[in-house]
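Q: My questions will all concern the structure given below.
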Amino acid sequence: MYEELLPHTLPTEAERLDRMAHAHDPDTYSTIERLNLPANANCLDIGTGRGSVAIWLAETFPAANVTASDLDLTSVRENTLPNLTLKKIDLRRDDLGTGVYDFVHCRAVLCFLPSRIEVLSGIFRSLKPGGVFIATEMDFSRIASGPDRFWAAFWTAYLEFAASQGWDLGFGGTLPRVLARTGFTETDARHIQPILNHSGNTAGSAEAETWSLTLATLAPQLIGQGFMSETLLTEALSIIRNPEAWTAGPGFMVVSARRPSA
Ligand SMILES: C[S@@+](CC[C@H](N)C(=O)[O-])C[C@H]1O[C@@H](n2cnc3c(N)ncnc32)[C@H](O)[C@@H]1O
405 MYEELLPHTL
415 PTEAERLDRM
425 AHAHDPDTYS
435 TIERLNLPAN
445 ANCLDIGTGR
455 GSVAIWLAET
465 FPAANVTASD
475 LDLTSVRENT
485 LPNLTLKKID
495 LRRDDLGTGV
505 YDFVHCRAVL
515 CFLPSRIEVL
525 SGIFRSLKPG
535 GVFIATEMDF
545 SRIASGPDRF
555 WAAFWTAYLE
565 FAASQGWDLG
575 FGGTLPRVLA
585 RTGFTETDAR
595 HIQPILNHSG
605 NTAGSAEAET
615 WSLTLATLAP
625 QLIGQGFMSE
635 TLLTEALSII
645 RNPEAWTAGP
655 GFMVVSARRP
665 SA
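Under the working numbering, the first residue of the sequence shown is numbered 405, with each subsequent residue one higher.
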């Protein structure tokens with residue numbers, strides 16, 4: 405389970421989640437800005453992590469009500485925003501309600517949940533008619549097929565490890581048609597493929613550091629459970645941490661969709 409492998413109690417977890425947020429927040433914010441949310445929108449961020457998106461929403465839409473939720477809220481950054489509420493929600497068990505939200509957001513959460521299709525139905529139900537959902541989920545499809553044989557072999561081994569945990573890191577690639585099947589309309593999707601370069605204060609560097617920390621944390625399982633050799637992992641980490649390399653990292657699908665108004 406996700407929380408056993410990457411618990412918020414790890415000494416490096418806050419840093420890992422901050423790096424991930426630094427890499428993806430600008431793209432998430434511009435996707436949200438295109439949707440013209442009502443000023444007083446009722447918003448829910450699920451699997452909020454450090455809460456960067458929820459905090460940005462509460463600051464950007466002062467008349468909105470924003471709920472930041474996660475199964476473990478201990479990593480959410482301290483703030484005094486009057487329109488931000490924290491709520492413990494385990495998406496595997498808890499009901500999100502019916503017709504409650506104008507906007508639901510999630511990023512890098514559904515792919516880790518074996519019950520992701522049921523969770524999507526719950527998100528659909530939780531939206532008001534006309535409400536909007538934005539998800540950013542991993543889409544490894546391109547990286548596992550190349551272009552470099554070593555790189556494809558490494559990420560294929562990582563995908564096999566992920567599958568053994570019930571994670572579907574190709575889920576982002578299926579999201580547009582899964583959303584259509586769930587009843588969403590106006591689905592808009594973009595595949596983004598960050599380029600990893602471990603230098604400076606860039607999004608690509610933050611993405612490289614996120615993967616560096618993730619792989620270092622998961623090394624005992626990746627190697628101990630026989631998914632890859634120590635040599636393979638060390639070589640991959642040396643590419644990810646190389647300030648002179650610009651290497652395509654795993655991709656993401658960014659999707660926005662709407663619950664029909666009628
Ligand atoms: C990879 S982090 C992403 C954090 C944040 N969405 C971001 O992109 O910066 C995944 C988050 O999902 C949360 N999570 C994992 N399983 C969950 C579950 N069953 N219910 C609610 N949250 C969950 C984790 O606690 C973690 O904060």
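C-beta atoms are modelled at their ideal positions from N, C-alpha and C, and glycine is treated no differently.
Does at least one heavy atom of ligand 1 sit under 6 Å from the Cβ of Asp543?
A: No - ligand 1 has no heavy atom lying nearer than 6 Å to the Cβ of Asp543.
Q: In whole angstroms, what is the alpha-carbon distance linking Thr606 and Ala427?
A: Thr606 and Ala427: Cα-Cα distance of roughly 8 Å.
Q: Three or more C-beta pairs closer than 8 Å, one from the segment 554–563 and one from the segment 453–462: is that the case here?
A: Counting Cβ pairs under 8 Å, fewer than three are found: no touch.
Q: Where does Asp431 sit, in a helix, a strand or coil, going by DSSP?
A: DSSP places Asp431 in helix when its eight states are reduced to three.
Q: Starting from Pro664 and walking both ways along the alpha helix (DSSP H), at which residues does that stretch end?
A: Here Pro664 belongs to no alpha helix (DSSP H), and DSSP marks it neither H nor E.
Q: Just grab the DSSP bridge partners of Lys492 for me.
A: Answer by DSSP bridge pairing, in chain order: Asp474.
Q: Could you check how far apart the C-beta atoms of Thr586 and Leu524 are, in whole angstroms? I think they sit under 8 Å.
A: The pair is a contact, with the Cβ atoms about 5 Å apart (cut-off 8 Å).
Q: Do Gly574 and Phe656 have their C-beta atoms closer together than 7 Å?
A: No.
Q: Mind listing, in chain order, the continuous alpha helix (DSSP H) runs of no fewer than 4 residues lying wholly within the segment 578–628?
A: Runs of the alpha helix (DSSP H) inside the segment 578–628: 607–628.
Q: I'd like to check one pair, Gly608 with Pro624: are the Cβ atoms closer than 7 Å?
A: Contact: no.
Q: Looking only at C-alpha atoms, which of Val470, Ala539 and Tyr505 sits nearest to Lys532?
A: When only C-alpha atoms are compared, the closest one is Tyr505.
Q: To the nearest angstrom, how far is the alpha carbon of Ile627 from that of Ser568?
A: When rounded, the distance between both Cα atoms is 14 Å.
Q: Thinking Ser479 and Leu409 are a contact (beta carbons under 8 Å), I'd like their distance in whole angstroms, please.
A: About 15 Å; that fails the 8 Å criterion.
Q: Touching or not, the segment 513–522 and the segment 487–497, by the rule of three or more beta carbon pairs under 8 Å?
A: The segment 513–522 is in contact with the segment 487–497.
Q: Here's the rule: buried if 16 or more other CB atoms are within 10 angstroms of the residue's CB, otherwise exposed. What is Asn601?
A: Counting Cβ neighbours within 10 Å, Asn601 comes out buried, since at least 16 surround it.
Q: Is the beta carbon of His595 less than 7 Å from the beta carbon of Asp552?
A: It is not a contact, given that the beta carbons lie outside the stated cut-off.
Q: According to DSSP, is Phe565 part of a helix, a strand, or is it coil?
A: Here Phe565 sits in helix by DSSP.
Q: Please report the straight-line C-alpha distance between Arg662 and Gly630, rounded to a whole angstrom.
A: Distance between the alpha carbons of Arg662 and Gly630 is about 42 Å.
Q: Which term fits Trp615, buried or exposed, when burial requires 16 or more other beta carbons within 10 angstroms of its beta carbon?
A: Counting Cβ neighbours within 10 Å, Trp615 comes out buried, since at least 16 surround it.
Q: Can you have a look at Thr471 and say buried or exposed, based on whether 16 or more other CB atoms are within 10 angstroms of its CB?
A: Counting Cβ neighbours within 10 Å, Thr471 comes out buried, since at least 16 surround it.
Q: Kindly list the residues whose CB is nearer than 7 Å to the CB of Asn646, restricted to its own chain and excluding five residues on each side of it in sequence; keep chain order.
A: So the qualifying residues of the chain are His602.
Q: Ala566 to Arg581, Cα distance in whole Å?
A: Distance between the alpha carbons of Ala566 and Arg581 is about 22 Å.
Q: Answer yes or no: the CB of Ala566 versus the heavy atoms of ligand 1, is any distance below 6 Å?
A: Every heavy atom of ligand 1 is 6 Å or more from the Cβ of Ala566, so no.
Q: Should Gly570 be listed as close to ligand 1, given that the test is whether its C-beta is under 6 Å from any heavy atom?
A: Every heavy atom of ligand 1 is 6 Å or more from the Cβ of Gly570, so no.
Q: Following the continuous alpha helix (DSSP H) through Val523, name the residue where it begins and the one where it ends.
A: Taken as a continuous stretch (DSSP letters only), the alpha helix (DSSP H) holding Val523 covers Arg520 to Ser530.
Q: Run through the DSSP bridge pairs and tell me what Met542 is partnered with.
A: Answer is Phe656.
Q: CA-CA distance, Pro654 and Cys510?
A: So the alpha carbons of these two residues sit roughly 18 Å apart.
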